[in-house]
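Reading through the structure tokens given below for one structure.
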Amino acid sequence: MKFDHIVDLVEAIPCSFTSLDHYLKSYRAPLIEETRSHLCSCLELIMEGPSSKIISMEVTEKPEVYYMDVDFWDYGAVYSTEAHTVRNGDVFILSSMKPEGAGDFNRYGVTYYLAMVTDVCMDDDDECQKRFKIKVAKDVGLEEDLQKLRYAIFLGNIITNMWIWKTLSFDKHMNNNFTVIENLLAPTNSGGDVCHICAKHDGEHLACFTEQLLPMNLNRSQMDAIESVISAVRCRHMNLMKLIQGPPGTGKTHTVSALLWALASMKCRTLTCAPTNVAVIGVCTCFLQNLKEFNNVDENGLPFSLGDVLLFGNKYKMDITGDLQEVFLDFRVSELVECFSSSSGWSCKLASMISFFEDCGSQYDRLLQDDGSSDPVCNLDFLKEQFSATAIALRSCMNKLLIHLPGRFFSHDNISNISTLFNMLEKFDALLCGVDLTGKSLRSCLLSDNSVCVQPTSFTEKELDGIRSTCLKLLKDLQHSLNLPIGVGKNWLQRYCMRNAVLLFCTTSSSYRLHHMEIEPLDVLIVDEASQVRECELVIPLRLHQLKHVVLLGDDCQLNAMVKSQICKEAGFGTSLFERLVMLNFEKHLLNIQYRMDTCISSFPIAQFYERKILDGPNVLSPSYNKDYTSLPFGSYTFINVTDGREDKGGTENSWTNMAEVAVVLYLIENIFKSWKGSGQGISVGVVSPYSCQVGVIKDRLRDKYETCDGFHVRVKSIDGFQGEEDDIIILSTVRSNESGGLGFLADNRRTNVALTRARHCLWIVGNATTLYKSGTVWKNLVHDARSRNCIINANNDATMCKLILHVKQELDELDDLLNADSAIFSNTRWKSSSVLCISPI
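Heads up: the sequence shown is residues 1 to 842, going by UniProt numbering.
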């Protein structure tokens, strides 16, 4: 199917579907159009991506498929310290020349082909692949054309869309479980359905879990949501869907973590997904913190094992540090592969320790008989070193097994024996190193033959002999009772870990890997940030083997998934399953207490977007919540009115900048820095703007000015990029400044909601109040609210800001406006004289 005609096939995606075939087909044409739009947007930025010289291209047995070798990757116009990592699904343009822009491909005599990576050829430790298999969009054919191709230019990656495409079809290689999806085609219930068979027994069971969750300090709305899910999960008669709405700062991640704790206690195999790596890592980190703090023993008297938790995904895109490393698949496999080695694994380690205790006396005898080793002290030192090396290797191996294997692989007796063995080995080491044993007395302690004539005489010797005997018994018990693999490779171990974990974490798209593994059925799918996941992408985990229940956590009042194609946006391609079910009046469990924002910040969004159903938590109501920010010049909530800004199109992008607002933002950051300096406290400042060009300009002006200031953190992002995050102070630059009140996509209520709810202690909005008010959107209400609360200040009334804006206008050569006596610059008589002085030389 050609891209040229696909737009004609894109139709509006309905809220309800007549059949499974209707459901799957509704997303196929939009998916192709979105892929086309994505690659086109990548083409516009072709010079910013990596490229490499093609060393060779070899024909394979399949048409249009080649092996390609490349040289080092070059980032051209964009500086990067990282080498490009080639992945399956990477799309390249193979060209006879290196372009300076997309238009160069249309030049006369230029040969180019579109190609996609289908297989990467590399060693496990090779991070800079230079050979891979590619499929070219059309056969290169002639040998002379093949020789012309000199450069491979990276365009983008479409692997996620490829996986979605496969899940939208009846692929024989996938789990064809459509039970959950079929229940969601045209749902008529309100989401409040309850299995009456199971409901009779819920009370006692829920009371047990409520008691377990008490230390986590959950509020009533959080507990209600968790209890609702537990009731659903316990049901074996129905497949149930639960929606939990988590407005900003209401502890959604904390609720997910507590829910996972409850499900793990129930031994429910659960997959937790989120649309981004950042979101997945966030919820996994929170769960691990709770696990560390509240880990109790199960009904068998065993603590919940880290080996039951597994995080997997693209290691090159995930920031894996600290405790996360212990549950990350790639690290886990690298740790276990040695433990399961046939030549040096767990079995060999146990055998070596047994051999030492059984044979150390004989070894000592042989050393004494050796002419070069007749010194008892030297011989004793040798045995100490041998024991220490063997014991350390065994302990390390056993610790790795305990950390990285699911808890069910170890019985209570196994855990007890390993713990006792570790203690005994420590005591043996202390006694062996702490006393002067030589000659016959040492021999009597180390020989295993009880018929020897010389028996231990001193207390220390008897204790040493007793510990040796105990260790031998424990080691042999473990040798026979541990039922673990021996001599397996990395690929087998990957499948082994994914098959046996109780709690799995990954991005929604990465769950595709589970379709190609023989895993135990999943009881529950939890989707965090579910309102940001395109429904067609969620089909990937929804089709997993025997999936029973689904929990969606999100907020339909915040931004949904990013969609590149305008046609797809209008068709509803970015609508999430969460949002669709809300439109069908599915019941939502609302988390109704916010713990993030100072009350001055929260009052407007709570009233505007949540019908005042959200309450402020006791922490933000406390007078002490904002005590460390009272010295800042503009309070907890301020609208800084910049009337003399000018909105300009930024570069070739459909984006905007406002240099006057840039100057004010930088001034505000400098003010915060001066107030913070010497305080001894950490502070985080987030600069947020709806437009990428404004973000880029602010970043460029800031550069690394504050990077070396320990405890003072500044980051600049778009509103869309800041969703799900928060900082102590947020400075919001709205950019738009015009007479008509045109705001573009800034008028989106959900984008506005995200922008206004990122701050913990201070929110300073920089914008043109007149433009925002004239828009007739939610921003009109915001300006009206700020005025009624006396929270608006005019930048022209501040000497420094006024001068900064004046300087910016001079830089932009807006002299006509400066000479206009009606300009807002002259509206304050106090500054008329200074303004005139500035322009007098003209």
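Here a beta-carbon is modelled for each residue, glycine too, at the ideal position from N, C-alpha and C. No experiment lies behind these values; they were computed from the predicted model shown.
Span of the alpha helix (DSSP H) around residue i
| i | result |
| --- | --- |
| residue 681 | Taken as a continuous stretch (DSSP letters only), residue 681 belongs to no alpha helix (DSSP H), as it is neither H nor E. |
| residue 281 | 277-294 |
| residue 119 | Premise fails: residue 119 lies in the beta strand (DSSP E), 112-120, not in any alpha helix (DSSP H). |
| residue 673 | 659-676 |
| residue 787 | 778-788 |
| residue 245 | From DSSP, residue 245 is part of no alpha helix (DSSP H) but of the beta strand (DSSP E) over 241-245. |
| residue 626 | Counting along the chain, residue 626 falls outside any alpha helix (DSSP H), and DSSP gives it neither H nor E. |
| residue 692 | 692-702 |
| residue 533 | Per DSSP, residue 533 belongs to no alpha helix (DSSP H) and is neither H nor E. |
| residue 95 | Not the alpha helix (DSSP H): residue 95 falls in the beta strand (DSSP E), residues 90-95. |
| residue 721 | 719-722 |
| residue 266 | No alpha helix (DSSP H) holds residue 266; DSSP gives it neither H nor E. |
| residue 32 | 20-44 |
Beta-bridge pairing of residue i - partner residues as DSSP gives them
| i | result |
| --- | --- |
| residue 58 | 67 |
| residue 594 | 616 |
| residue 468 | Partner(s): none; residue 468 has no beta bridge. |
| residue 647 | 658 |
| residue 729 | 685 and 762 |
| residue 310 | 504 |
| residue 131 | 69 |
| residue 554 | 245 |
Continuous beta strand (DSSP E) stretch holding residue i: start and end
| i | result |
| --- | --- |
| residue 157 | 151-157 |
| residue 869 | The shown model of the chain, from 1 to 842, leaves out residue 869, and the question about it has no answer. |
| residue 564 | Neither: residue 564 is in no beta strand (DSSP E) and is coded neither H nor E. |
| residue 226 | No beta strand (DSSP E) contains residue 226, which is instead part of the alpha helix (DSSP H) from 220-234. |
8 angstroms Cβ cutoff met for residue i and residue j
| i | j | result |
| --- | --- | --- |
| residue 534 | residue 573 | yes |
| residue 576 | residue 608 | no |
| residue 664 | residue 694 | no |
| residue 67 | residue 133 | yes |
| residue 598 | residue 636 | yes |
| residue 873 | residue 767 | Residue coverage of the chain in this structure runs from 1 to 842, which leaves residue 873 outside it and unanswerable. |
| residue 241 | residue 543 | no |
| residue 318 | residue 258 | no |
| residue 417 | residue 474 | yes |
| residue 387 | residue 432 | yes |
| residue 158 | residue 537 | no |
| residue 306 | residue 327 | yes |
| residue 578 | residue 94 | no |
Collapsed DSSP secondary structure at residue i in the structure displayed
| i | result |
| --- | --- |
| residue 137 | coil |
| residue 501 | coil |
| residue 257 | helix |
| residue 815 | Summary for residue 815: the model assigns pLDDT 45, below 50, so the residue's position carries little reliability, and this model does not support an answer. |
| residue 744 | helix |
| residue 399 | helix |
| residue 526 | strand |
| residue 272 | strand |
| residue 344 | coil |
| residue 481 | helix |
| residue 603 | helix |
| residue 411 | coil |
| residue 125 | Unreliable placement is indicated for residue 125, whose pLDDT of 47 sits below 50; the coordinate value is still reported in the next sentence. Residue state, collapsed to three classes: coil. |
| residue 834 | Note that residue 834 scores a pLDDT of 37, beneath 50, so its modelled location is shaky; the value from the coordinates is reported in the next line. It is helical. |
| residue 518 | coil |
| residue 798 | coil |
| residue 439 | Low confidence applies here, because residue 439 scores a pLDDT of 48, under 50, leaving its location unreliable and the question unanswered by this model. |
| residue 421 | helix |
| residue 252 | helix |
| residue 301 | Confidence is the limiting factor: at residue 301 the pLDDT is only 48, short of 50, which leaves the residue's position unreliable and the question unanswerable from this model. |
Next on the checklist: Count Cβ pairs between the segment 282-297 and the segment 469-480 that sit closer than 8 angstroms; are there 3 or more?
Outcome noted: no
Checklist entry - Using 8 angstroms as the threshold, is the segment 16-32 in touch with the segment 48-58, meaning 3 or more CB pairs across them? => result no
Item to check | Three-pair Cβ contact test at 8 angstroms for the segment 489-499 versus the segment 230-244 | outcome: Touching, no, given that fewer than three Cβ pairs across the two stretches are closer than 8 angstroms.
Checklist entry - Taking contact to mean at least 3 C-beta pairs separated by less than 8 angstroms, is the segment 624-631 in contact with the segment 653-660? => result Contact between the segment 624-631 and the segment 653-660 is absent, because fewer than three Cβ pairs lie under 8 angstroms.
Checklist entry - Does the segment 768-776 come within contact of the segment 740-752, defined as at least 3 CB pairs closer than 8 angstroms? => result In short, these stretches touch, since the Cβ pair count reaches three.
Checklist entry - How do the segment 539-555 and the segment 563-572 stand: do at least 3 beta-carbon pairs fall below 8 angstroms, yes or no? => result no
Checklist entry - Counting Cβ pairs closer than 8 angstroms, one from the segment 386-403 and one from the segment 333-351, do we hit at least three? => result yes
Checklist entry - Does the pairing of the segment 6-18 with the segment 103-121 give three or more beta-carbon distances under 8 angstroms? => result no
Checklist entry - Is the segment 259-278 close to the segment 463-473, with three or more CB pairs under 8 angstroms? => result Segments in contact, no.
Next on the checklist: So, does the segment 548-560 touch the segment 520-529, judging by three or more C-beta pairs under 8 angstroms?
Outcome noted: Contact between the segment 548-560 and the segment 520-529 is present, because at least three Cβ pairs lie under 8 angstroms.
Next on the checklist: I'd like to know if the segment 775-795 and the segment 600-614 are in contact, where contact means that at least 3 CB-CB pairs between them fall below 8 angstroms.
Outcome noted: Result yes; three or more Cβ-Cβ pairs closer than 8 angstroms.
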